[in-house]
Amino acid sequence: MGRADSLAKLAFAYGVHLTRRRLTRPHAQLSKLLETYAPDGIRPLLPEERERHPQLVGCINCGLCALAAGRVGKVRLPDLASSYMRLYARLGSAASDVDGDSPDLKAAASACPVGVPLDEVAAIVRRLAAG
Amino acid sequence: MSAPSAHDVCVIGGGVTGAGIARDLSLRGLSVLLLEKGDWGAGTTGSSSWMIHGGPRYLEFDWNTTRLSTQDAGYIVSIARNMVYRVAFIIPVLPHDKNNIERMETAMEVYDRFQPLKKAHPHVRLTAEEARQAEPGLSADVIGAVTMEEWGVDPHRLVFANVQDAMAHGARALNHTRVVDLLRDGGKVIGVRYRGSDGAMSEARARVVVNAAGPWVPEISGMAGAQVHLRPAKGIHIVYPHRISNFSISAESIDGRDLLLVSHAGFTLLGTTDDDFYGDLDSVDVLEDEVDYLLQAFERVFPSIRSYRPVRTTAGVRPTLFKWRRYEDELSRRYQVIDHAPDGAEGLVTIAGGKLSMYRLMAEETSDVVCRKLGHEAPCVTATSPLPGNESDLEPADAFGRRTGIPALAAIRLQSRHGSNAEVVIKAEYPGRMVCRCEPITEAELVHAARHEQVRSLADAFRRVGLAAGPCAGTGCVLRAAGIIGTELGWSASQRFDAAREFVRGAWLGRAPVLGHSGWAQEELAAGALRGLRN
């Protein structure tokens, strides 16, 4: 009984939906989606970041880059590529961590055994932290 | 054996349901003993999808279940604010999916009626182009999408917050304590016999014994000669140690099931399978076939999924209520409270079935039955009483971090685990010294966990504070964590080494099924870093 009742109500809702679709003009809703979730840090990656994303989040926190270079702001380089890239939806609340100087990130990246592009990672983290 | 302790109620099972029952009954003024054979939330609860969701799938079966589920999710979101976060799904539609875009949007329009109950936003509909702007990694075959919102939660912290609150209201709660028998007086169940974490046997008398052991429910009820018939179902997840997308994504599997790629705070869960399980409940392995089944489904909507390096898998068994002649996916997630008095086991109550999202309601209904049996009149208050750490608003994380000398990111994670009690945690010595960096954990938090949160192993620390949950999978932190916890618990040097080895071996079992090319390279590195622990 419960199942039949549920399916009947869904069928009615489907009819109402189709009728409404015929009578109203569709409108773009992407901006509404992005505005809704921006306060939660849920926002799209840029297309170029998406393409490189598996490399950007590939850090295994082995620590070799820390031997090759210093810190970005107060953050050790391995942490920048691991924890900060993991938690980027919350980076707006952690901007103070990455304020300050950057070391030679290309040199640091050359020491990375899994090929994390540390200069790109630093740029993304700072962009997201800036909000 | 020491003299038996005496309680109003003994609850067996320290998953979210058992912990919720212990909290509920304690808040009603009853004396409670809660026993868990492993660690809090280490069974089915910890292997879930980490979501408090309303259950749109029940719209096909029973709208009332959806209403109850969303309503209870709303209560949980209110009482556990520090632990929950929004999870925004994109549900892409491909040309040959079983549900076309109009059907999907109809379902979401109906679901939107329930969403305010859990403080969630309504859906939007996206064109193919818009969907790929929101998530550029979606397949070019996507023809449109709808969105849906749910809540994410750390189930380990949710369980422990319930345990903490129960203890704050007088309950006694013991993990690593296995019930080996029920005490009986004629046909009546009058207590339990259990083996503690030190191996000693003890007895506890209770006016009512509650069996909340999840998939182990039949084993416990069998001790009293009562039968509970479950249809256990195995589910696995692949865990990625980072967000693959800020949006969560659904996909249809080869057999038409709905699978989810869920973006949590700092990691991604991809799952889940749903298969009848007949094996050993204490040893649930993940098969490479199951991993491939999940990846195959997601490759169709998110082609680059195989480029990402998983860090481990999880496996659990759902305590689904028994039903013959149904596919696993069609089985109800409803629950049943069973008073075993008619089975000749007066004093034993079982809660079977259900799901994480409805744990509070399941606990309330079970507690109502217990209170009726005891003639105890006190209302349930768990829907409105905040869990520990939610009594006041949080200080902004960067200010909290500056004041306590820890990075803002570590402050964010600390507050997500402890809420307003983060202040208490960080007051321990060496607040700013980091133990685990990819999942920012301070030494102070680990010390606090060992002293005050019943952490007795490194695996317990993984559940309680996220030790080794990040990309290094423990390579950078396990030995140091063993030293810190070992100091607190009085471990010798060899005990610390053994603890680290036990953790590394356990983690290996969960990681082996998902090691691709880059994964094996990392294993070699970890083997070098953790020299000796693999042997």
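If you read the sequences in order, they're chains A and B.
In this text, residue positions in the first sequence follow this note's numbering: the first is 689, and each later residue adds one.
In this text, residue positions in the second sequence follow this note's numbering: the first is 1473, and each later residue adds one.
Just so you know, even glycine gets a beta-carbon here, dropped at the ideal spot from N, CA and C.
Here the structure is a predicted model, which is why all the values come from computation and not from measurement.
query: Less than 8 Å separating the beta-carbons of VAL1809 of chain B and LEU1497 of chain B?; result: no
query: Kindly indicate which residue of B:ALA1869, B:ALA1592, B:LYS1591, B:SER1611 has the alpha-carbon position closest to the one of ALA1600 of chain B.; result: B:SER1611
query: Measuring CA to CA, which of B:ILE1563, B:ALA1824, B:THR1578 is closest to GLY1732 of chain B?; result: Here residue 1732 of chain B is Leu; the residue named in the question, Gly, does not match the sequence. Out of B:ILE1563, B:ALA1824, B:THR1578, B:ILE1563 has the C-alpha closest to the C-alpha of LEU1732 of chain B.
query: Is it buried or exposed, LEU734 of chain A, if we count other Cβ atoms within 10 angstroms and call 16 or more buried?; result: exposed
query: Expressed to the nearest angstrom, what Euclidean distance is found between the alpha-carbon atoms of ILE1524 of chain B and GLY1873 of chain B?; result: 29 Å
query: Quick check: what's the CA-CA separation for SER1892 of chain B versus THR1947 of chain B?; result: 31 Å
query: Which residue marks the beginning of the alpha helix (DSSP H) containing GLY1955 of chain B, and which one marks its end?; result: 1950 to 1961
query: According to DSSP, is ILE1563 of chain B helix, strand or coil?; result: strand
query: Could you tell me whether the Cβ of THR1619 of chain B comes closer than 8 Å to any Cβ of chain A?; result: yes
query: Quick check on LYS794 of chain A: buried or exposed, where buried means 16 or more other Cβ atoms within 10 Å of its Cβ?; result: exposed
query: For the structure I just gave you, are there three or more beta carbon pairs, one from the region 1552 to 1571 of chain B and one from the region 1880 to 1894 of chain B, closer than 8 Å?; result: yes
query: Quick check: what's the CA-CA separation for ALA1880 of chain B versus GLU739 of chain A?; result: 29 Å
query: Taking 8 Å as the CB-CB cut-off, is ALA1972 of chain B touching chain A?; result: no
query: What's the call for ARG1885 of chain B, buried or exposed, on a 16-neighbour Cβ count within 10 Å?; result: buried
query: Which same chain residues end up closer than 6 Å to ALA1685 of chain B when comparing Cβ atoms and leaving out the 5 residues on each side of it in sequence?; result: ILE1484, GLY1485, ILE1692
query: Taking the CB atoms as reference points, tell me whether HIS1595 of chain B and ASP1584 of chain B lie closer together than 8 Å.; result: yes
query: For chain A, check one thing: does any of its Cβ atoms lie closer than 8 Å to the Cβ of SER1892 of chain B?; result: no
query: Between which residues of its own chain and LEU722 of chain A is the CB-CB distance below 8 Å, once the five residues before and five after are set aside?; result: ARG731, PRO732
query: Where does MET1695 of chain B fall in DSSP's three states?; result: coil
query: Helix, strand or coil for ILE1726 of chain B? Go by DSSP, reduced to three states.; result: coil
query: Here's the rule: buried if 16 or more other CB atoms are within 10 angstroms of the residue's CB, otherwise exposed. What is VAL1652 of chain B?; result: exposed
query: Which class does ASN749 of chain A belong to by DSSP, given the choice of helix, strand or coil?; result: coil
query: Checking 8 Å against the spacing of the C-beta atoms, do ALA1643 of chain B and LEU1506 of chain B come in under that value?; result: yes
query: Of the residues B:ALA1560, B:GLU1532, B:GLU1602, B:HIS1593, which one's Cα is nearest the Cα of ASN1571 of chain B?; result: B:GLU1532
query: Quick one: what does DSSP say ILE1878 of chain B is sitting in, helix, strand or coil?; result: coil
query: Answer with yes or no whether the minimum CB distance from GLY819 of chain A to chain B is below 8 Å.; result: no
query: In the DSSP output, what is ILE1721 of chain B paired with across the bridge?; result: B:ILE1562, B:LEU1733
query: Is there at least one Cβ from chain B nearer than 8 Å to LEU755 of chain A's Cβ?; result: no
query: Taking three-plus beta-carbon pairs below 8 Å as touching, is the region 1578 to 1592 of chain B in contact with the region 1655 to 1666 of chain B?; result: no
query: Taking the CB atoms as reference points, tell me whether ALA1882 of chain B and THR1914 of chain B lie closer together than 8 Å.; result: yes
query: In three-state DSSP terms, what is GLU1482 of chain B?; result: First, the residue type needs correcting, since residue 1482 of chain B is Cys and not Glu in the sequence shown. In this structure, CYS1482 of chain B counts as strand in the three-state DSSP scheme.
query: Give the secondary structure of GLY761 of chain A by DSSP, where H, G and I count as helix, E and B as strand, and everything else as coil.; result: coil
query: Would you list, in sequence order, the uninterrupted alpha helix (DSSP H) runs of no fewer than 4 residues that lie entirely inside the region 1560 to 1621 of chain B?; result: 1573 to 1584, 1600 to 1606
query: Excluding five sequence neighbours on each side, which residues of the same chain lie with their C-beta closer than 6 Å to the C-beta of ILE1957 of chain B?; result: ALA1922
query: Cα separation between MET1906 of chain B and PRO791 of chain A?; result: 22 Å
query: Flag ASP787 of chain A as yes if its beta-carbon sits less than 8 Å from any beta-carbon of chain B, otherwise no.; result: no
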